[in-house]
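Residue numbers (the numbering used here): 1 to 387.
Note that CB positions come from ideal geometry on N, CA and C, so glycine has one too.
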Ligand SMILES: [Zn+2]
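Here's what the structure looks like:
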């Protein structure tokens, strides 16, 4: 049976509807369900939620992406598995925003948190999702954390990542290959809620205060670049004076379809030979990542003064150790002063002191945290700070 969420969780200036706007051509429309719409009917790009009052305010009590709830749709059920607040660290001459520290190792977790919160708030316990590499795995993990059932529809096995097939099979997920079967609620990767989740990367880059002039984003479709652009525009509308150029990197002959006609994003296409050399170079420096992420590091190095967004990596960290790291970053952001390992542990004693020491050591080695050595009484001790 087709179902539609007709609940708008807060009265908007348009009554019980959301205003969505194309991030490319500006086409606008009023809708009552944010998952029932897909692409712009005029130009084929993506539609984002238009908030009436943009005020950037950090909610220190908000978990994960809900830290930025003032700029997210007001959704009563706020689900988070601790996504976001991923480290930003120096790698050679560039900064890297490392999204593999998200709960499932992918930037897509930011989108899943918002989508699953929305689905839960609509009162649905079952939904269908069109398969998309990396995204589907994350969405299924978030759905299962809420005991929701997710069915997957895919174009064919040969369009699927082998790791994803194994993951879905191991979780006993129903996968169908009949794409005409758009049973509602139906979740596609490109929808306004995905954009809301992904744009929080822009807020975190701004909050980190790193000195850079551009953000380099790996781009297959261009959705991530447009989401970050939306985040930056909302910060500006909040009265924050920031100015980053967005550079979208793609492989030659596969230009990101949603970016056609977008003036505020610079698209850089790299040929296969150059891309392979870039990947070899990044791997030789100890980074194990997907080719398009390696390309964004390479392009960031070439442009200079840049933050490269690393959407995901192959290395899997234990969830526990990435949670400790996230807690450390959270405490340092909150306290706004250098802290010793003991002080960090004492502020939020959710893990053992030993786990905090261990996480700090590994963050030190990966240049994900900076420290000073200071004298405390008769002995010297390290105080940690964000780089
Ligand atoms: Zn459009």
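* To the nearest angstrom, how far is it from the Cα of residue 188 to the Cα of residue 135? -> As a first step, residue 188 must be located in the chain shown, where it is residue number 188. As a first step, residue 135 must be located in the chain shown, where it is residue number 135. Each residue's alpha carbon lies about 9 Å from the other.
* Asked: Which whole-angstrom value describes the C-beta separation of residue 218 and residue 249, a residue pair presumed to lie in contact below a C-beta threshold of 8 Å?
  -> Looking up residue 218 in the chain shown gives position 218. Looking up residue 249 in the chain shown gives position 249. Going by Cβ atoms, the distance from residue 218 to residue 249 rounds to 6 Å, so yes, they are a contact pair.
* Asked: residue 189 by DSSP, collapsed to three states: which one?
  -> Counted from its first residue, the chain shown places residue 189 at position 189. In this structure, residue 189 counts as coil in the three-state DSSP scheme.
* Asked: So residue 135 is in the alpha helix (DSSP H); what residue range does that whole segment cover?
  -> As a working mapping, residue 135 is identified with position 135 in the chain shown. That run of the alpha helix (DSSP H) goes 135–145.
* **Below 6 Å from a heavy atom of ligand 1 - residues by beta-carbon** => 22, 24, 25, 27, 40, 42, 43 and 45
* **DSSP bridge partner residues for residue 95 (one or two, in chain order)** => As a position in the chain shown, residue 95 is number 95, starting the count at 1. Partner(s): 90 and 307.
* Does the beta-carbon distance from residue 244 to residue 201 come in below 8 Å? -> Translated into the one-based positions of the chain shown, residue 244 becomes position 244. Translated into the one-based positions of the chain shown, residue 201 becomes position 201. Contact flag unset, no.
* Can you say whether residue 75 is buried or exposed, counting buried as having 16 or more other CB atoms within 10 angstroms of its CB? => Sequence index remark: in the chain shown, residue 75 carries index 75 (1-based). So residue 75 ends up on the buried side.
* Asked: Under the DSSP definition of a beta bridge, which residues are partnered with residue 149?
  -> Indexing the chain shown from 1 puts residue 149 at position 149. The partner list for residue 149 (beta bridge, DSSP) reads 126.
* Coil, strand or helix - residue 339 by DSSP -> Within the chain shown, residue 339 is the residue found at index 339, counting from 1. In the structure shown, residue 339 sits in a strand (DSSP, three-state: E or B).
* So what does DSSP say about residue 64, is it helix, strand or coil? -> Locating residue 64 in the chain shown gives position 64, counting from the first residue. Residue 64: helix per DSSP, three-state reduction.
* Give the straight-line distance between the Cα atoms of residue 342 and residue 359, rounded to the nearest whole angstrom. => Within the chain shown, the letter at position 342 stands for residue 342. Within the chain shown, the letter at position 359 stands for residue 359. Using only the alpha carbons, I get a separation of about 13 Å.
* Starting from the Cα of residue 232, find the closest Cα among 29, 162 and 71 and give me that residue. => Translated into positions along the chain shown, residue 232 becomes position 232. Cα-wise, what sits closest to residue 232 is 71.
* To do: Tell me where the beta strand (DSSP E) around residue 234 begins and ends.
  => On the chain shown, residue 234 is found 234 positions in, with the first residue counted as 1. It is not in any beta strand (DSSP E) - residue 234 instead sits in the alpha helix (DSSP H) that spans 223–237.
* Asked: Smallest Cα separation from residue 254: which of 373, 271 and 90?
  -> Position 254 of the chain shown, counted from the start, is the residue given in the question as residue 254. Of the listed residues, the one whose Cα sits closest to residue 254 is 271.
* Asked: Out of curiosity, what's the CA-to-CA distance linking residue 400 and residue 361?
  -> Any answer about residue 400 is impossible in this case: the structure gives the chain only from 1 up to 387.
* Say whether the stretch 326–338 touches the stretch 80–87, bearing in mind that this needs 3 or more beta-carbon pairs closer than 8 Å, one atom from each stretch. => yes
* residue 159 burial status per 10 Å Cβ neighbour count (16 or more: buried) -> Here residue 159 corresponds to residue number 159 of the chain shown, with the count starting at 1. When all chains shown are included, residue 159 counts as exposed.
* Do residue 30 and residue 17 have their C-beta atoms within less than 8 Å of each other? -> Here residue 30 refers to the residue found at position 30 of the chain shown. Here residue 17 refers to the residue found at position 17 of the chain shown. Against a cut-off of 8 Å, the Cβ pair of residue 17 and residue 30 comes out as a contact.
* Asked: DSSP three-state call for residue 347: helix, strand or coil?
  -> On the chain shown, residue 347 is found 347 positions in, with the first residue counted as 1. Here residue 347 sits in helix by DSSP.
* If residue 122 and residue 25 are in contact, beta carbons under 8 Å, what's the gap, nearest whole angstrom? -> Numbered from its first residue, the chain shown carries residue 122 at position 122. Numbered from its first residue, the chain shown carries residue 25 at position 25. Not really, about 29 Å apart at Cβ, beyond 8 Å.
* Asked: What first and last residue would you give for the beta strand (DSSP E) that runs through residue 48?
  -> Within the chain shown, residue 48 is the residue found at index 48, counting from 1. First-last of the beta strand (DSSP E) with residue 48: 47–49.
* Thinking C-beta only, is residue 54 closer than 8 Å to residue 204? -> One-based indexing of the chain shown puts residue 204 at position 204. One-based indexing of the chain shown puts residue 54 at position 54. Result no, Cβ atoms of residue 204 and residue 54 do not sit closer than 8 Å.
* Which residue or residues does DSSP assign as beta-bridge partners of residue 106? -> In the chain shown, the residue the question calls residue 106 occupies position 106. Residue 106 pairs with 312.
* **Under the three-state DSSP convention, the category residue 317 falls into** => Taking the chain shown and counting its residues from 1, one reaches residue 317 at position 317. The pLDDT assigned to residue 317 is 41, lower than 50, so where the model puts this residue is not dependable; a value taken from the coordinates is nonetheless given after this. Three-state DSSP puts residue 317 in coil, outside helix and strand.
* Status (buried if at least 16 other CB within 10 Å, exposed otherwise) for residue 374 -> The residue you call residue 374 lines up with position 374 of the chain shown. Per the 10 Å Cβ criterion, exposed.
* To do: Please find out if some non-hydrogen atom of ligand 2 comes closer than 7 Å to the beta-carbon of residue 80.
  => With respect to ligand 2, the structure offers nothing, as its ligand set consists of ligand 1.
* Using DSSP with H/G/I as helix, E/B as strand and the rest coil, what is residue 131? -> In the chain shown, the residue the question calls residue 131 occupies position 131. Coil at residue 131, not helix or strand.
* **Span of the alpha helix (DSSP H), counted from its first residue to its last, around residue 203** => Locating residue 203 in the chain shown gives position 203, where the first residue counts as 1. Segment 200–208, the alpha helix (DSSP H) holding residue 203.
* Can you tell me which of 37, 19 and 327 puts its alpha carbon nearest to the alpha carbon of residue 350? => Taking the first residue of the chain shown as 1, we reach residue 350 at position 350. Of the listed residues, the one whose Cα sits closest to residue 350 is 327.
* Backbone secondary structure at residue 249 - three-state DSSP -> Taking the chain shown and counting its residues from 1, one reaches residue 249 at position 249. In the structure shown, residue 249 sits in a strand (DSSP, three-state: E or B).
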